[in-house]
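**Q** Sequence positions in the sequence shown follow numbering that gives the first Met the number 0 and run 0 to 141. Every residue gets a Cβ at the ideal spot worked out from N, C-alpha and C, and that includes glycine. My structure is below; once you've seen it, I'll send some questions.
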Amino acid sequence: MIIRTLIAVAVLAVAAPALAQTAAQNSPTGATPQGMTLQQFQASNGDKLFARLDTNKDGKISAEEFTAFRKQNAEVDAQATKAGKRGERLFSRFDKDKDGFLSRAEADDVLAWRYKRMDTNNDGVLTLEELQAKKGKAKVGV
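What follows is the structure, given as structure tokens:
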């Protein structure tokens, strides 16, 4: 729940204006907006998300940095009572080399997983409507 909130807020804050601008530029009047591909999603969100999580700026995200970030967002999310244990499991899941840190590539895997969950129609394009989906409408949650 908390990671969903965390990434959804980060994605909306970062991606929605860029997606809206891209859609406006690529879409003739009356046509459906094209949206954002996974590569565009990672390019526009990866550096910002990694920088927010890597608080000591050592080029990797430690379990402590990940937990601190989740805790900060858990305080905002009243339903995040299980956020700590779930965060440990998620961190472990994405720490593929089991070195106790998330590298940039592993963080990109988190974004790819998130993108797939947000792409509700599984067409490989994230539209503004999918980014703005109400709770319970999109396959969100990290």
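1) My output table needs one value for serine 102: the three-state DSSP class, helix, strand or coil.
2) I need the boundaries of the alpha helix (DSSP H) containing asparagine 120, first residue and last residue.
3) Around the C-beta of glycine 58, are 16 or more other C-beta atoms found within 10 angstroms, so that it is buried, or is it exposed?
4) When you compare only the Cα positions, how much space is there between aspartate 46 and alanine 132?
5) Please confirm whether lysine 97 has its beta-carbon closer than 8 angstroms to some beta-carbon of chain D.
6) Just how far apart, CA to CA, sit leucine 52 and phenylalanine 100?
7) Taking the alpha carbon of lysine 56 as the reference point, which residue from Arg103, Leu37, Tyr114 and Lys97 has its own alpha carbon closest?
8) To which residues does DSSP link serine 61 through a beta bridge?
9) Give me the Cα-Cα distance between glutamate 129 and lysine 97, rounded to the nearest whole angstrom.
**A** Answer, in terms of the structure:
1) On the sequence shown, position 103 is the one that residue 102 refers to. In this structure, serine 102 counts as coil in the three-state DSSP scheme.
2) By 1-based counting over the sequence shown, the position of residue 120 is 121. Run containing asparagine 120: none; DSSP gives neither H nor E here.
3) As a working mapping, residue 58 is identified with position 59 in the sequence shown. Classification for glycine 58: exposed.
4) Your numbering for residue 46 matches position 47 in the sequence shown. Your numbering for residue 132 matches position 133 in the sequence shown. When rounded, the distance between both Cα atoms is 24 angstroms.
5) Although the question refers to chain D, the structure presented lacks it and comprises just one protein chain.
6) By one-based count along the sequence shown, residue 52 stands at place 53. By one-based count along the sequence shown, residue 100 stands at place 101. C-alpha separation (whole angstroms): 11 angstroms.
7) Taking the first residue of the sequence shown as position 1, residue 56 is located at position 57. With distances taken between CA atoms, lysine 56 lies nearest to Arg103 out of Arg103, Leu37, Tyr114 and Lys97.
8) By one-based count along the sequence shown, residue 61 stands at place 62. Its beta-bridge partners are Phe100.
9) The residue given as residue 129 occupies position 130 in the sequence shown. The residue given as residue 97 occupies position 98 in the sequence shown. Near 33 angstroms, if we compare the C-alpha coordinates of lysine 97 and glutamate 129.
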